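Counting in our numbering, the sequence shown runs from 2 upward without gaps. Ideal Cβ positions, reconstructed from N, Cα and C, are used throughout, including at glycine. Computed from a predicted model, the values in this text were never measured in an experiment.
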Amino acid sequence: MGIWLESFEVARAESFYGSMPPTGLARAVGVIPVTARNRTAGTRMRPAS
């Protein structure tokens with residue numbers, strides 16, 4: 002069983018995958034692993050400085 006969730010905001014999006022290969026947006030544009038520095042959605046979805 003796999004889990005797939007995509008969150009969208011104007012000009013930004015994120016996808017979560019559990020026990021499955023990248024699908025949808027992550028497959029189209031690539032993936033960035035969650036780390037200690039970007040572990041919250043608020044941090045990941047914040048515009049780059």
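On the premise that residue j lies in contact with residue i, defined as a C-beta separation below 8 angstroms, what is that separation, rounded to the nearest angstrom?
i: residue 7; j: residue 46; result: Incorrect: roughly 12 angstroms between the Cβ atoms, too far for contact.
i: residue 23; j: residue 32; result: 5 angstroms
DSSP three-state call for residue i: helix, strand or coil?
i: residue 47; result: coil
i: residue 28; result: helix
Using a Cβ-Cβ cut-off of 8 angstroms (strictly less than) and excluding sequence neighbours within five positions of residue i, which residues of its own chain qualify?
i: residue 4; result: 17, 18, 19, 20, 21
i: residue 38; result: 44
Could you pull out every residue in the same chain whose Cβ sits closer than 7 angstroms to the Cβ of residue i, ignoring the five residues on either side in sequence?
i: residue 2; result: 20
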